[in-house]
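Note sheet for the following structure.
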Amino acid sequence: MARAQFQKGQKVWVECVGAWAFIEQVQPVWAKGFEEPVRVTYDVGLGREFTANELMLAADDPASDQGPGEWRLLRARNKWQLPEDCLHHPHPGTYPVVVTDKADWGGWRVPGAEYDRDPQHIEFQARLIAAAPQLMRIAQDLVDLVAETPDDAPPAVLTLARQARDTLQDVTRVLEPAPDRLTAPAAA
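Here you go:
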């Protein structure tokens, strides 16, 4: 027996296509003598019917509850080049390392050849990555502020808050398989 795992209008990730879609129709297949459908497929407007195991839902990432922590920029010694060989670098003899752990390890590093190709760009990326937790907090504060009094917020601030919310969801949401069955009745 099959039960509907998604409902009409629900946003799902279609794994084999690699795109988001909305359930347009829930299509149960009934057989005589059975109380429940023997199979359920979903029309998402992509030209064919999909089964539940081909679709996924967005869910909150449990790791996002812990927060990103405090990231910091450190400089590591370049073992492959002497400072005299790389005087065009902003900090000759070193390269940036973004540490994302309380200990001074773990995080983001760049290959030496890539750093040597465009050191100013890599330095900018390192500063941006190190600032990401603070930028994430600012975006969340903006969303929370507008959510308190959405009618009083200027249109430009509402637009910024929506963009911040969408960006935060891209970071804090992950895909998960469909539930075994719907928690609420399917919407008509």
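With the first letter of the sequence shown counted as 1, position 182 gets the number 182 in full-length UniProt numbering; the numbers rise by one all the way through.
Positions of the beta carbon are idealized from the N, C-alpha and C atoms, including for glycine.
Since this is a predicted model, take the numbers as computed values, not measurements.
{"Item": "4-residue-minimum alpha helix (DSSP H) runs that sit fully inside the segment 106 to 155, ordered along the chain", "Value": "112 to 117, 119 to 148"}
{"Item": "When L135, L145, V146 are compared against T167, the one with the closest alpha-carbon", "Value": "L135"}
{"Item": "Same chain only: Cβ atoms within 7 Å of V157, ignoring 5 sequence neighbours per side", "Value": "V146"}
{"Item": "Counted within 10 angstroms of its Cβ, other Cβ atoms place L87 as buried (16 or more) or exposed", "Value": "exposed"}
{"Item": "Buried or exposed by the 16-neighbour rule on C-beta atoms within 10 Å, applied to H89", "Value": "buried"}
{"Item": "I23 classed as buried or exposed, judged by whether at least 16 other C-beta atoms fall within 10 angstroms", "Value": "buried"}
{"Item": "Environment of V143 [buried if 16+ CB atoms lie within 10 Å]", "Value": "buried"}
{"Item": "Separation of P83 from D60, as counted between CA atoms", "Value": "46 Å"}
{"Item": "Where N78 falls, given that 16 or more other Cβ within 10 Å makes a residue buried", "Value": "buried"}
{"Item": "Neighbour-count burial assignment, P177, 16 or more Cβ in a 10 Å radius", "Value": "exposed"}
{"Item": "For T159 and D43, the rounded distance between their alpha carbons", "Value": "32 Å"}
{"Item": "Beta-carbon contacts of V29 that lie in its chain and below 6 Å, excluding the five residues immediately before and after", "Value": "P37, V38, R39"}
{"Item": "Beta carbon of R72 nearer than 8 Å to that of V99", "Value": "yes"}
{"Item": "CB contact flag (I138, W108, <8 Å)", "Value": "no"}
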